[in-house]
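Visitor: Sequence order for the protein chains is A and B. Counting from 1, one number per residue, gives the positions in the first sequence under our numbering. Counting from 346, one number per residue, gives the positions in the second sequence under our numbering. All residues carry an ideal CB built from backbone N, CA and C; glycine is no exception. Starting off with a structure, shown below.
Protein chains: 2
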Amino acid sequence: MALGCPYGTHRVLGPLGVFPQPAKFINNDFSTLYDNEILIEVEVLNIDSASFSQINTQAEEDPAKIAQIILETVIQRGKQHNPVTGSGGMLIGKIKTIGSALQSRPLNVGDRIAILVSLSLTPLHITEIIAVHKHVDQVEIRGEAILFESGIYAKLPEDMPQKLALAVLDVAGAPAQTAKIVKPGDTVVVIGGGGKSGLLCLHEACKRVGVTGKVIGISHSEAGVARMKESGLPVIPLQGDACDALWVLHQIKGLTDGKLADLTLNMVNIPQTELASILATKDKGIVYFFSMATSFTAAALGAEGVGKDVTMLIGNGYTEGHAEIALAILRENPRLRKIYERTYA
Amino acid sequence: MALGCPYGTHRVLGPLGVFPQPAKFINNDFSTLYDNEILIEVEVLNIDSASFSQINTQAEEDPAKIAQIILETVIQRGKQHNPVTGSGGMLIGKIKTIGSALQSRPLNVGDRIAILVSLSLTPLHITEIIAVHKHVDQVEIRGEAILFESGIYAKLPEDMPQKLALAVLDVAGAPAQTAKIVKPGDTVVVIGGGGKSGLLCLHEACKRVGVTGKVIGISHSEAGVARMKESGLPVIPLQGDACDALWVLHQIKGLTDGKLADLTLNMVNIPQTELASILATKDKGIVYFFSMATSFTAAALGAEGVGKDVTMLIGNGYTEGHAEIALAILRENPRLRKIYERTYA
Ligand SMILES: NC(=O)c1ccc[n+]([C@@H]2O[C@H](COP(=O)([O-])OP(=O)(O)OC[C@H]3O[C@@H](n4cnc5c(N)ncnc54)[C@H](OP(=O)(O)O)[C@@H]3O)[C@@H](O)[C@H]2O)c1
Ligand SMILES: NC(=O)c1ccc[n+]([C@@H]2O[C@H](COP(=O)([O-])OP(=O)(O)OC[C@H]3O[C@@H](n4cnc5c(N)ncnc54)[C@H](OP(=O)(O)O)[C@@H]3O)[C@@H](O)[C@H]2O)c1
């Protein structure tokens, strides 16, 4: 066969000219494969949390109806791209065929991998839905999917349960970026430090700032603060509401002799915390927004409005080596692994 | 008097605890001033374009009604914060009083300055509306305003007309950031290069990449491409639609031997150009989003979906020295000044 587009546009059926993610229909006929495609025998769909709860409501919480809705979406669109929420999720499966153009990859037929690009752009064909696991947003299926040449993935580690690995891979971009931007001696503030991505970032931040640095974590609930403490990391834990920008400013000022943070990581799951993140950071410092609730304009105009010369980064879900960096954290920190097993897996 | 909050929260009347920008009501009684406030005798309000066109429509294009609507907003809110669009604009005026805590600033009573923070957070009191200049979104008034300690401003230059300086100051953040991130030898793509901010960025990019670099500008219209050519800058001009990510990718690939850009600057005024910006950029490169039409999630998920390890920056309207850097461009490049005078001033 021929080479397809590395981004998979060769499988877009409509509207023509767009990428697989915004496309309404994509081709999920896998009887002929392109030379730069990888065919996966799918085992589990890990539906995005927003999408799963929408489907669950529409199905009146009936697993049979949930299965029906998913089947219909995939028949109509050629991918599990929730038409209401617009989101997807990820999948786990075994490699069935590796296209001739990708033979140099460190992959073998039979390897179990997680596809880290969204289901909302992944060609999928379902033969049978085996089981719906409502408490973890997962669906066991028999079926096949395509990974495009540009698609990112991770081999599943042998030394941890699949569910644990999935929980880490879901937020892998954040700790990997943290590892890359934190410098020794830095003062780092992690807003949402008690959460799934926040805890991993606290670990990386502590490791990178070293003994001359300082790491402060902010969480909203007592449980979140307890998780930060239980991690055993040398973090200064704060409990409070990051929507209250003045409170955050005063706390961080107090803890840094008025110098503020070199780097603030925003890992919350709620809107309107842009200004707190900006104010916690010193001039010429960096604010890293990983939260999907971030508003571009609130950040841009917020910094201008208070005259803050900070560099503001949009959290890219991908950075080289992100899966390995994130998975390594649970090996390095057994206490964090315990929290993760209890809370997210 | 006492010191106020550097960010002006001492003038917020409601809701309490928020910053002046999101506030509904702020105190515009200037009979007592705080020691870290600067009182301005206002001459001209430069209403934000989105706000002005909303007011114009509501006023059925009648200047008297436009004046009435502005007066009412300022009486109700204590600031020209358009309740429909949420936006403000900027103002020009002469310094009347400098608070005792700010005496060390390089400013004198009588200096004419432009306030570069939004009118949507600036305490304003209007005594009289003198004239409404509809074609330039400006309103001449008699009145006073407060600049907070953290508020940014620029002295108006002596060597250019006020309207020309205002046009440049409106987008000053973009060329100043460009100057700071471009390195010699870089390949730079400016999407929206024929626009108001794009042209200034093209100038800075050409200056910084030097003879070993390459600068490519993309504009949608023939007029935009003509402006890029007329600038006399060594730019490779492209005409096309940046919503077509594949077209952009192919063009930039072709012009860079497949290597793509080290830095892509997004300066458009329309949505859905995130993916084109990401695809035009090489791995480990930088994408700088200045456009307010940027969607945070489209950028974050877009980069992940195509597996691109790029650093994505949110365009901060402010960076140190931004006004001087931007104004200097028109002095350095007389052709650009001519285009600016004809097109934007
Ligand atoms: N950019 C990407 O590619 C990407 C990928 C995956 C996820 N994300 C985003 O990352 C964010 C975090 O995900 P997650 O899985 O880590 O979420 P999570 O486990 O729910 O953690 C959220 C954290 O935010 C804290 N928080 C919530 N409201 C707060 C408030 N008002 N003040 C202070 N802290 C508050 C929570 O504190 P408590 O626990 O104490 O309440 C918790 O620590 C989400 O927005 C998600 O969309 C982005
Ligand atoms: N971050 C901040 O603080 C800040 C401050 C001020 C402004 N901004 C934002 O900066 C952006 C640009 O402002 P501006 O005043 O420079 O705008 P502008 O003068 O209107 O320029 C817009 C440019 O985008 C180009 N364009 C429009 N549609 C396009 C398409 N489909 N494909 C390719 N190019 C296209 C235009 O090309 P043609 O002229 O050829 O049609 C033009 O070159 C706006 O979004 C504004 O909100 C941000």
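Ligand 2 and B:K574: does the residue's C-beta get closer than 6 Å to at least one heavy atom of that ligand?
Guide: Incorrect: B:K574 has no Cβ contact closer than 6 Å to ligand 2.
Visitor: Could you compute how far the alpha carbon of B:L594 sits from the alpha carbon of B:K369?
Guide: So the two alpha carbons sit approximately 45 Å from each other.
Visitor: Any beta-carbon of chain A closer than 7 Å to the one on B:Q366?
Guide: Yes, B:Q366 counts as interfacial toward chain A.
Visitor: Under 9 Å Cβ-Cβ, which residues of chain A neighbour B:S463?
Guide: Under the 9 Å cutoff, chain A gives L301, E304 and G305.
Visitor: If you draw a straight line from the alpha carbon of B:N661 to that of A:L313, how long is it in whole angstroms?
Guide: Cα to Cα, B:N661 sits roughly 10 Å from A:L313.
Visitor: If you count every other CB in all the chains shown that lies within 10 Å of the CB of B:H480, and 16 or more means buried, which is it?
Guide: Counting Cβ neighbours within 10 Å, B:H480 comes out exposed, since fewer than 16 surround it.
Visitor: Hey, would you say B:V533 sits closer than 7 Å to B:A519, going by beta carbons?
Guide: It is not a contact, given that the beta carbons lie outside the stated cut-off.
Visitor: Going along chain A, which residues have a C-beta under 7 Å from B:I659?
Guide: Correct list: F296, A299, A300, M312 and I314.
Visitor: Scan the segment 210-288 of chain A and note each continuous alpha helix (DSSP H) run of 4 residues or more that stays entirely inside, going in chain order.
Guide: DSSP runs (the alpha helix (DSSP H)) wholly in the segment 210-288 of chain A: 222-230, 245-255 and 274-279.
Visitor: Output yes or no for whether 7 Å exceeds the beta carbon distance between A:I70 and A:L147.
Guide: No; because the gap between Cβ atoms is not below 7 Å, this pair is not in contact.
Visitor: Could you have a look at B:V481 and say whether DSSP puts it in helix, strand or coil?
Guide: Of the three classes helix, strand and coil, the one that applies to B:V481 here is helix, per DSSP.
Visitor: On the CB-based measure, 16 or more other CB atoms within 10 Å of its CB, does A:T273 come out buried or exposed?
Guide: Counting Cβ neighbours within 10 Å, A:T273 comes out buried, since at least 16 surround it.
Visitor: So what's A:I129 in DSSP terms, helix, strand or just coil?
Guide: If DSSP states are grouped into helix, strand and coil, A:I129 belongs with the strands.
Visitor: What is the rounded straight-line gap between the Cα of B:G562 and the Cα of B:I581?
Guide: Whole-angstrom Cα-Cα distance: 6 Å.
Visitor: Does DSSP classify B:I536 as helix, strand or coil?
Guide: In this structure, B:I536 counts as strand in the three-state DSSP scheme.
Visitor: Can you round the beta-carbon distance between A:M267 and A:G192 to whole angstroms, since I take them to be within the 8 Å contact cut?
Guide: Right, their Cβ atoms sit about 4 Å apart.
Visitor: Among B:Q522, B:S394 and B:K629, which has the Cα closest to the Cα of B:S463?
Guide: For B:S463, the nearest C-alpha among the options comes from B:S394.
Visitor: Taking contact to mean 3 or more Cβ pairs, one atom from each stretch, closer than 8 Å, check whether the segment 51-64 of chain A and the segment 93-100 of chain A are in contact.
Guide: At 8 Å Cβ cutoff, the stretches do not touch.
Visitor: Is it the case that the CB of B:N427 approaches a heavy atom of ligand 2 more closely than 6 Å?
Guide: No.
Visitor: Chain A beta carbons: is any one of them nearer than 7 Å to that of B:M637?
Guide: By this cut-off, B:M637 is an interface position.
Visitor: Taking 7 Å as the threshold (beta carbon to beta carbon), is A:S277 in contact with chain B?
Guide: So, not an interface residue.
Visitor: Opposite B:L384 in the DSSP bridges: which residues?
Guide: Its beta-bridge partners are B:T442 and B:I491.
Visitor: Which bits of chain B does A:A346 rub up against, with CB to CB less than 7 Å?
Guide: No answer is possible for residue 346 of chain A: the residues shown for chain A start at 1 and end at 345.
Visitor: Below 8 Å on the Cβ atoms is my guess for B:A638 versus B:A625; work out the distance and round it to an integer in Å.
Guide: Contact doesn't hold; Cβ gap of about 17 Å is too wide.
Visitor: Three or more C-beta pairs under 8 Å: does that hold for the segment 406-423 of chain B against the segment 318-332 of chain A?
Guide: Because the criterion of three Cβ pairs below 8 Å is not met, the segment 406-423 of chain B and the segment 318-332 of chain A do not touch.
Visitor: Leaving aside the five residues before and after B:L583 along the sequence, list all residues of the same chain whose C-beta is less than 6 Å from its C-beta, in chain order.
Guide: Counting only Cβ-Cβ distances below 6 Å, and skipping sequence neighbours, we find I563 and Q596.
Visitor: With B:Y352 and A:V306 assumed to form a contact (beta carbons below 8 Å), what rounded beta-carbon distance in angstroms separates them?
Guide: Sure, about 5 Å apart at Cβ, within 8 Å.
Visitor: With a 10 Å radius around its C-beta and 16 neighbouring C-beta atoms as the bar for buried, classify A:V171 as buried or exposed.
Guide: Buried is the call here.
Visitor: So, under 8 Å CB-CB, A:A245 and B:F364 are touching, yes? Tell me the CB distance rounded to an integer number of Å.
Guide: Going by Cβ atoms, the distance from A:A245 to B:F364 rounds to 7 Å, so yes, they are a contact pair.
Visitor: Could you tell me if the beta carbon of A:M312 falls within a distance shorter than 6 Å of some heavy atom in ligand 1?
Guide: No, Cβ of A:M312 sits at least 6 Å from all heavy atoms of ligand 1.
Visitor: The alpha helix (DSSP H) that contains B:V513, what's its start and end?
Guide: Taken as a continuous stretch (DSSP letters only), the alpha helix (DSSP H) holding B:V513 covers Q507 to D515.
Visitor: If distances are taken between C-alpha atoms only, which option among B:I437, B:T467, B:I458 and B:E405 comes closest to B:H426?
Guide: Of the listed residues, the one whose Cα sits closest to B:H426 is B:T467.
Visitor: For A:R335, which residues in the same chain have their Cβ closer than 7 Å to its Cβ, ignoring the five residues on either side in sequence?
Guide: Around A:R335: E230, S231 and G232.
Visitor: At a Cβ threshold of 7 Å, is B:Q447 touching chain A?
Guide: Here residue 447 of chain B turns out to be Leu, not Gln, going by the sequence shown. Closer than 7 Å: no.
Visitor: Per DSSP, which one or two residues make a beta bridge with B:D656?
Guide: Looking at the sequence provided, one finds Thr at residue 656 of chain B rather than Asp. Partner(s): B:I631.
Visitor: Do B:I471 and B:G488 count as a contact pair if the criterion is CB distance below 7 Å?
Guide: Yes, the pair counts as a contact, with Cβ atoms nearer than the cut-off.
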